[in-house]
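Heads up, the thing below is written out as structure tokens.
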Amino acid sequence: MLKKELVITIDGPSGAGKTTVSKMLAARIGYRYIDTGALYRGIALETQRQGISADDEDAIALACKSIDLRFRIEGDDLRLFSGDRDISDMIRSSQISMRASKVSALGAVRSFLTVLQRRLGEERAVVFEGRDMGTVIFPEADVKFFLDADTDIRAERRYLELKARGDDIDFDRVRRDIVVRDTNDSNRKLAPLKPAEDAVHVDASHMGIEDVVDKMVAVVTSIRP
Ligand code: DC
271 MLKKELVITI DGPSGAGKTT VSKMLAARIG YRYIDTGALY RGIALETQRQ GISADDEDAI
331 ALACKSIDLR FRIEGDDLRL FSGDRDISDM IRSSQISMRA SKVSALGAVR SFLTVLQRRL
391 GEERAVVFEG RDMGTVIFPE ADVKFFLDAD TDIRAERRYL ELKARGDDID FDRVRRDIVV
451 RDTNDSNRKL APLKPAEDAV HVDASHMGIE DVVDKMVAVV TSIRP
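If you count by this note's numbering, then the sequence shown holds residues 271 to 495, one letter each, in order.
Below is the structure:
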């Protein structure tokens, strides 16, 4: 058992396996997990529905005021709702991935989601995964991980995920999209993707998921009260 209720962050690039690992880590230690990328995807989807261009920050800022995103836990699954509509599956397309990466560079979107994410962390005992969780949203987090893997391995993982959803997509396109998103996410002015100075780096390129999670559990359980 853990000695106290921690805030744990896992940041890293697309396709590194953050969602799977966060979910498994949280289950092992009896914590909740929050996939913050889903929130950026939710904003991307809802603003697209309203016909707003991904560059129109004023219109997106205005739209954010009436977007009501909330998570619900259903069995083992974390579902994202917009109002009372379950948008969990709709936000996973590659088109929404690219749009999420674009809108996530906007200050209006980041400040809107900063408030929401910090509120979700108030109860503690949570694993947050994203890009800036350990650097910007929870700089005081108790344990920070940076999970990475080789580009080809990440592209392969994302490709298999999209295939399993039934998307008609080819590997080269998925790999190209991953590289574009990495570049966008790492080079934007606000809260770029980078490891926190005190993050524990985990390279999952040649490790099984179970080994990654074992390693994280070992780090987390070594924290003193
Ligand atoms: O983790 P993901 O692929 O679902 O994230 C979608 C996009 O959202 C990603 O390209 C960048 C953005 N994002 C972010 O800027 N900050 C986060 N904490 C999480 C995601």
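All C-beta atoms in this analysis are idealised placements derived from N, C-alpha and C, irrespective of residue type, glycine included.
Keep in mind the model is a prediction, meaning the values are calculated, not measured.
Going along the chain, which residues of its own chain have a beta-carbon closer than 7 Å to the beta-carbon of residue i, five neighbours each way excluded?
i	result
R342	R349, F351
K505	Residue 505 is absent from the model: the chain starts at 271 and stops at 495.
I448	S284, G285, T421, R424, A425, R428
Just curious, the beta strand (DSSP E) that residue i is in, first and last residue?
i	result
T279	277 to 281
S352	347 to 352
G377	No beta strand (DSSP E) holds G377; the alpha helix (DSSP H) holding it covers 377 to 390.
V413	413 to 418
L339	339 to 344
D473	470 to 473
V406	That residue, V406, is in no beta strand (DSSP E); it is neither H nor E in DSSP.
Can you list, in chain order, the residues of its chain with a C-beta nearer than 6 Å to that of residue i? Leave out the 5 residues immediately preceding and following it.
i	result
T317	I330, A333
L390	I304
M498	The shown model of the chain, from 271 to 495, leaves out residue 498, and the question about it has no answer.
I366	R311, A314, L315
If you measure from the CB of residue i, is any heavy atom of the ligand DC nearer than 7 Å?
i	result
R349	no
A331	no
Y301	no
T306	yes
R401	yes
Y527	This structure leaves residue 527 out entirely; the chain is present only between 271 and 495.
A370	yes
R451	yes
S292	no
S363	no
S374	yes
S358	no
D455	yes
S284	yes
S367	yes
Taking the alpha carbon of residue i as the point to measure from, which residue in the options has its own alpha carbon closest?
i	options	result
S374	L432, S363, N457	N457
A297	A419, S492, V483, F415	V483
Q320	A488, I337, T306	I337
E275	D418, R424, E393, A466	E393
R259	R340, V490, S367	Outside the shown range of the chain, which is 271 to 495, sits residue 259, and nothing can be said about it.
S323	L376, G436, P283	L376
E426	K414, D442, D437	D442
L460	R435, K335, L383, A488	L383
R388	A411, R369, S371, T491	A411
D418	S381, P409, G400, I407	G400
D452	D481, I361, M368, T290	M368
V487	A286, N454, G300, L463	G300
V212	V450, T491, F398	With the chain running from 271 to 495 in the structure shown, residue 212 is simply not present.
G436	G287, D359, P462	D359
L463	K293, V413, G307	G307
Among residues of its own chain, excluding the 5 on either side of residue i, which ones have a beta-carbon nearer than 8 Å to its beta-carbon?
i	result
I439	S364, Y429, L432, K433
K372	A314, A324, D325, N454
P409	A466
A370	G307, Y310, R311, I313, A314, I361
Taking the alpha helix (DSSP H) that residue i falls in, what are its first and last residues?
i	result
Y310	306 to 319
D442	441 to 457
E327	327 to 334
E480	479 to 491
E399	Not the alpha helix (DSSP H): E399 falls in the beta strand (DSSP E), residues 396 to 400.
S245	Residue numbering for the chain in the displayed model covers 271 to 495; residue 245 lies beyond these limits and cannot be assessed.
L432	421 to 434
A324	Note, A324: premise wrong, no alpha helix (DSSP H); not H, not E.
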